[in-house]
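Q: Following this message is one structure expressed as structure tokens.
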Amino acid sequence: MSLNTEALPKSQEVTASPEAAPQPWEPRIVGFACNWCTYAGADLAGLSRLQYPPSIRLIRVPCSGRVNPQFVIRAFQRGADGVLVAGCHPGDCHYSTGNYFTRRRFLLMQRLLEYMGMDPRRFQARWISGSEGPKFQQVVTQMTEDIKALGPNRKMRDVE
Amino acid sequence: MKTIAKSKVSALLDEIAKEFNLLVPTSGDGASKFAPYTPGSQASFDGRTLLPPKDVFFPQTEKMYKFTTDGMAGSLETVLEAPKHQMLFGVRPCDVKSIHELDHVFLTKGFVDEFYQSKRDRTFLVSIGCNGPAEPTCFCQSMGVNPQEADAVDVHLFDLGSEYGAAGKSENGEAFLQKYASFFNEADVQLPAVAEFALNPNVEGITEKLQQMFDHPLWEEVSKKCLGCGACTYLCPTCHCFDISGRVAGNQGFNFRCWDSCMFSEYTRMAGGHNPRPSKKERVRNRFLHKLQYFPERYGDLLCTGCGRCLSKCPVNIDITNIIKQIREVELA
Amino acid sequence: MITEKMRAAAKELLEKGEVETVIGWEKGTFWYNSTPAFISKPEQADRLVFDEFCANNLAKYLLDYRNADGKIAVFVKGCDARAVNRLLQDNQVKREKVYLIGIPCPGMKEAPKTGAAQDTASLPLLAKCQSCATPNPVIYDQLLGDPVPAREVPNRFAGVEALEAKGADEKYERWGKLFSECIRCYACRNVCPACNCRECAFDANGLNWLGKQNNLQENQMFNITRAMHVAGRCIECGECERVCPMGLPLMDINRKIIKDLNELFGSYDAGLNLEDRPPLGHYKLDDPEKFM
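Chains as they are written, first to last, in our numbering: chain C, 1 to 160; chain E, 161 to 493; chain Y, 494 to 785.
Have a look at this one:
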């Protein structure tokens, strides 16, 4: 076991044709977005023509509290360079309290991942409401910048 | 007999490693197991390894087939490693017996498992005898194993205290001893007496008795403390159940097989949800009946080598020797 | 002698028909093995023992009797009692269906390396007992013997702190090496009194939470998830680490979580008090807000 990059699948090569010039590396961020706030926020960002990096892949979940720690681990294993869990602001949860549990659970998990040797900046949670299109833009831009600075994630990657 | 001083063994291993992919017992960090030998590293020949050598022939996870699909077309390819000579050095007689049992399963009765065979055929076996129980939990003698000598190997080394006495057990083994003759001396040797084993279960007639005990209340009793973990089966040198599963990503994927354990609840669960072994009573019973009844019925050998690994690592001390004793004590109507 | 009191208590309960089964310990293969025992007849009570090797946490077995008609008696040490509290909090067992016989615990001993007969007093305490702060049962119907004085306990987070101080790559290498050793026998899960799901996510193969391959990734998935699933419910009985055949330092993970929970959401020790709510089972409006 090592952090050797050669042993890892070169995912870009799978999609790009062999002749194509090597693409500059772009981070891939998996975003779990709550249906009621963040997903609407992302929608608003799109409707408002706000530019943000195409690095994020959104997965819509009913509530940020739906996000299981296993989702996060799998995302990293299957090639995510960063994972974002985003939901309603505390107090605004569609189900009243889901995000309060999220807040506790993922603060704990972020620290556990750090303990396991992951960079905690790769795993973030944010509260983005349905009216916060600009905040969604800003969060995705910032996280993309942060992860670009960190480089590709080589830890937890599934080498199969 | 040819002998080699124990202090000269590492020089011999350095020499062998030039020709073979050499696997030796190691006890570095983590559990003791067979691991590749690199010149200068330490092999540990004290007692038996915690992990048996079965994964050398039957890895815990093994890729079998790769496939790709392209519309209605597709390809399927068997994944077989290129044969490479390897030597397993320092196998104890109990584990030699386990390899013999695995051979039964994977190579006889009209079916040859090519994955197993490819590894088995290219492996040169060197065993080392024990002059008594290597661990308190050893009971190989009761399972028909001679702790001092193994026969189904290429070379056997007798433990003579400060040196090993070497005996070629196959043509290859004789040739091996010729080739490395410079490491060996010729001497008259006396084998030490075998020390007494603390555990001596009597297995005489047990298969026949078990044939009448499928519904006996004993199984309920002995299984109560079982936690249903797989430590016993995964450490067992003879347990060989496996599951085949696959992974698909896009238009390609692979199938692999991996160890499975009859102690796990989902082991017998069927696609519709029905589980013919719903509780630990049925699972524990199956484990012991497989070892002591079904396997002997099919292959004529007990599926236990007396290595004592299950007994030493079971979290709740489920003891096969004690269960054998209880089976013997049962009076059938 | 505790053993005599145990036998008498078990005999009485069974004779009066107050309980249908008594769960205790009996001698196993060797003098240094004590193993769980299930007694349902008064005359079997003499099998019971209590000595320095009764390390098994018996509370887990209460789950096997979730649907029993009668009452189940179980002997509990300090850690076992905390486990019972946790099961009660999770509504896994009903208080009126269990009869708890508390035993103050002087700490359990390690089995000797060679198996040779020797004085048990000279054997070291089990690692899990060295850092135990609750040797006396915190819940019981009947207590055998006198409470033992609380032991001097070293800083139980010292190991975690040392690991936290390491560099990220060093940590990752270390855990990767350890997780690669895991054989996924699930002994840690099956012995754990906090693991009380009727069906474990890892046994639901069809859902593919966990691939069956034994490789670093799946082992990471298993070990990290296991730790997250017992977060806030781990009673630090240390059974997972004790039973791991590969000797993985699982309590280093569990303790890290306990340490963080204490730092973030206030002091909490699982199973100590029935009234305390597990930290991941509730929330406060003014919880630390690190995410914004």
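Yeah, the Cβ is synthetic: ideal placement off N, Cα and C, and Gly gets one too.
Using a Cβ-Cβ cut-off of less than 7 Å, give me the residues of the stretch 384-407 of chain E that come near chain Y, in sequence order.
A: Lys-384, Lys-385, Leu-387, Gly-388, Cys-389, Gly-390, Ala-391, Tyr-394, Leu-395, Asp-403, Ser-405 and Arg-407
Q: Does Asp-479(E) get closer than 7 Å to chain Y when you measure Cβ to Cβ?
A: For the purposes of this step, residue 479(E) is identified with residue 319 of the second sequence, where counting begins at 1. Yes, contact with chain Y.
Q: Between Phe-123(C) and Ala-42(C), is the Cβ-Cβ spacing less than 7 Å?
A: Mapped onto the first sequence, residue 123(C) falls at position 123. Mapped onto the first sequence, residue 42(C) falls at position 42. No.
Q: Using three-state DSSP, classify Val-363(E) as helix, strand or coil.
A: The residue you call residue 363(E) lines up with position 203 of the second sequence. Coil.
Q: If we cut at 7 Å on Cβ distances, does Gly-699(Y) have a partner in chain C?
A: In the third sequence, counting from the first residue as 1, residue 699(Y) sits at position 206. Closer than 7 Å: no.
Q: Give the C-beta separation of Val-61(C) and Val-72(C) to the nearest angstrom, bearing in mind that I take them to be a contact with Cβ-Cβ under 8 Å.
A: Within the first sequence, residue 61(C) is the residue found at index 61, counting from 1. Within the first sequence, residue 72(C) is the residue found at index 72, counting from 1. Rounded, the Cβ-Cβ distance is 12 Å, inconsistent with contact.
Q: Just grab the DSSP bridge partners of Thr-481(E) for me.
A: Stepping through the second sequence from its first residue, residue 481(E) is reached at position 321. Beta-bridge pairing links Thr-481(E) to no other residue.
Q: Could you please tell me which residues of the stretch 718-740 of chain Y, in chain order, have their CB closer than 9 Å to any CB of chain C?
A: Thr-718, Ala-720, Met-721, His-722, Ala-724 and Gly-725
Q: Of all the options Tyr-525(Y), Ile-717(Y), Lys-752(Y) and Pro-642(Y), which has the alpha carbon lying nearest to the alpha carbon of Met-156(C)?
A: By 1-based counting over the first sequence, the position of residue 156(C) is 156. Comparing Cα-Cα distances from Met-156(C) to each of Tyr-525(Y), Ile-717(Y), Lys-752(Y) and Pro-642(Y), the minimum goes to Ile-717(Y).
Q: Since Ile-128(C) meets chain Y, which of its residues come closer than 8 Å, beta carbon to beta carbon?
A: Looking up residue 128(C) in the first sequence gives position 128. Near Ile-128(C) there are no residues of chain Y at all, since even the closest Cβ is about 10 Å away, more than 8 Å.
Q: Locate the alpha helix (DSSP H) running through Trp-524(Y), then write down its first and last residues.
A: One-based indexing of the third sequence puts residue 524(Y) at position 31. Segment: none, Trp-524(Y) is in no alpha helix (DSSP H) and carries neither H nor E.
Q: Looking only at its chain, what residues have a beta carbon closer than 7 Å to the beta carbon of Arg-126(C), apart from the 5 residues adjacent to it on each side?
A: Along the first sequence, read from residue 1 onward, the residue named residue 126(C) stands at position 126. Closer than 7 Å at the Cβ level, and outside the excluded window around Arg-126(C), lie Leu-84, Ala-86 and Val-139.
Q: Considering only residues of the same chain and omitting the five flanking positions on each side of Lys-441(E), which have a CB-CB separation below 8 Å?
A: By one-based count along the second sequence, residue 441(E) stands at place 281. If we look at Lys-441(E) and ignore the five residues flanking it on each side, its Cβ neighbours are Trp-379, Glu-380 and Ser-383.
Q: Rounded to a whole number of angstroms, what is the C-alpha to C-alpha distance between Gln-246(E) and Leu-183(E)?
A: Reading the second sequence from its first residue, position 86 is the one you call residue 246(E). Reading the second sequence from its first residue, position 23 is the one you call residue 183(E). So the alpha carbons of these two residues sit roughly 7 Å apart.
Q: Scan the stretch 111-123 of chain C for residues whose Cβ lies nearer than 9 Å to a Cβ of chain Y and list them as they occur along the chain.
A: Arg-111, Leu-112, Leu-113, Glu-114, Tyr-115, Met-116, Gly-117, Met-118 and Asp-119
Q: Might you give, ordered along the chain, the residues of its own chain that have their beta carbon closer than 6 Å to the beta carbon of Ser-444(E), omitting 5 neighbours on each side?
A: In the second sequence, counting from the first residue as 1, residue 444(E) sits at position 284. Correcting the residue type first, residue 444(E) is Val in the shown sequence and not Ser. Counting only Cβ-Cβ distances below 6 Å, and skipping sequence neighbours, we find Ser-383 and Cys-386.
Q: As a quick exercise: from Arg-719(Y), Glu-729(Y) and Arg-682(Y), pick the residue whose alpha carbon is nearest that of Leu-765(Y).
A: Walking along the third sequence from the start, residue 765(Y) turns up at place 272. That would be Glu-729(Y), whose Cα lies nearest to the Cα of Leu-765(Y).
Q: Would a check of beta-carbon distances place Ile-56(C) closer than 7 Å to chain Y?
A: One-based indexing of the first sequence puts residue 56(C) at position 56. Not closer than 7 Å to any Cβ of chain Y, the Cβ of Ile-56(C) fails to qualify, so no.
Q: Which class does Arg-500(Y) belong to by DSSP, given the choice of helix, strand or coil?
A: Taking the third sequence and counting its residues from 1, the one referred to as residue 500(Y) is at position 7. Three-state DSSP puts Arg-500(Y) in a helix.
Q: Is the beta carbon of Thr-481(E) less than 7 Å from the beta carbon of Phe-357(E)?
A: Position 321 of the second sequence holds residue 481(E). Position 197 of the second sequence holds residue 357(E). Contact: no.
Q: Which residues share a DSSP beta bridge with Tyr-324(E)?
A: Within the second sequence, the letter at position 164 stands for residue 324(E). The partner list for Tyr-324(E) (beta bridge, DSSP) reads Ile-164(E) and Asp-319(E).
Q: Could you spell out the range, first to last residue, of the alpha helix (DSSP H) harbouring Ser-472(E)?
A: As a working mapping, residue 472(E) is identified with position 312 in the second sequence. That run of the alpha helix (DSSP H) goes 469-473.
Q: Let me know the secondary structure DSSP gives Pro-69(C) once reduced to three states.
A: What you label residue 69(C) is simply residue 69 of the first sequence in a count that begins at 1. Three-state DSSP puts Pro-69(C) in a helix.
Q: Just the Cα atoms here: how many angstroms apart are Phe-672(Y) and Gly-190(E)?
A: Start at 1 with the first residue of the third sequence, and residue 672(Y) comes out as number 179. Start at 1 with the first residue of the second sequence, and residue 190(E) comes out as number 30. Distance between the alpha carbons of Phe-672(Y) and Gly-190(E): 11 Å.
Q: Phe-275(E) versus chain Y: which residues are under 9 Å apart at the beta carbon?
A: Taking the first residue of the second sequence as position 1, residue 275(E) is located at position 115. By Cβ distance, chain Y contributes nothing, its closest Cβ being about 15 Å from Phe-275(E), past 9 Å.
Q: Any residues in the stretch 533-567 of chain Y with a beta carbon nearer than 8 Å to a beta carbon of chain E? Which ones, in chain order?
A: Asn-549, Lys-553, Tyr-554 and Asp-557
Q: Whole angstroms is fine: what's the gap from Asn-747(Y)'s alpha carbon to Arg-105(C)'s?
A: Here residue 747(Y) refers to the residue found at position 254 of the third sequence. Here residue 105(C) refers to the residue found at position 105 of the first sequence. Cα to Cα, the separation comes out at about 15 Å.
Q: CB-CB under 6 Å to Asp-348(E), same chain, minus the five flanking residues each way: which ones, in chain order?
A: In the second sequence, counting from the first residue as 1, residue 348(E) sits at position 188. If you ignore the 5 residues before and after Asp-348(E), its C-beta comes within less than 6 Å of no other C-beta in its own chain.
Q: Are the C-beta atoms of Lys-705(Y) and some chain E residue less than 7 Å apart?
A: The sequence position of residue 705(Y) within the third sequence is 212, counting from 1. For Lys-705(Y), the answer is yes, since a Cβ of chain E falls inside 7 Å of its Cβ.
Q: So, helix, strand or coil for Pro-529(Y), using DSSP?
A: For the purposes of this step, residue 529(Y) is taken as residue 36 along the third sequence, with counting starting at 1. Three-state DSSP puts Pro-529(Y) in a strand.
Q: Counting only C-beta atoms, is Leu-107(C) closer than 7 Å to chain Y at any point?
A: As a first step, residue 107(C) is located in the first sequence; it is residue number 107 there, counting from the start. Yes, Leu-107(C) counts as interfacial toward chain Y.
Q: Less than 7 Å between the C-beta atoms of Trp-668(Y) and Met-109(C), yes or no?
A: If you number the third sequence from 1, residue 668(Y) lands on position 175. If you number the first sequence from 1, residue 109(C) lands on position 109. Cβ distance not < 7 Å, so Trp-668(Y) and Met-109(C) don't count as in contact.
Q: With 7 Å set as the bound, which would you pick, yes or no: does the beta-carbon of Tyr-679(Y) sit closer than that to a beta-carbon of chain E?
A: The residue labelled residue 679(Y) in the question sits at position 186 within the third sequence. Interface residue, yes.
Q: Tell me which residues share the same chain as Lys-674(Y) and place their Cβ nearer than 6 Å to its Cβ, disregarding the 5 neighbours each side in the sequence.
A: Counted from its first residue, the third sequence places residue 674(Y) at position 181. Looking at the sequence itself, residue 674(Y) is Glu, so the reference to Lys does not match. Here the set comprises Met-739.
Q: Of all the options Ala-335(E), Ser-170(E), Gly-413(E) and Phe-374(E), which has the alpha carbon lying nearest to the alpha carbon of Asp-230(E)?
A: Within the second sequence, residue 230(E) is the residue found at index 70, counting from 1. That would be Gly-413(E), whose Cα lies nearest to the Cα of Asp-230(E).
Q: Output, in sequence order along the chain, the residues in the stretch 512-529 of chain Y whose CB is closer than 7 Å to any CB in chain E.
A: Gly-521, Thr-522, Phe-523, Asn-526, Thr-528 and Pro-529
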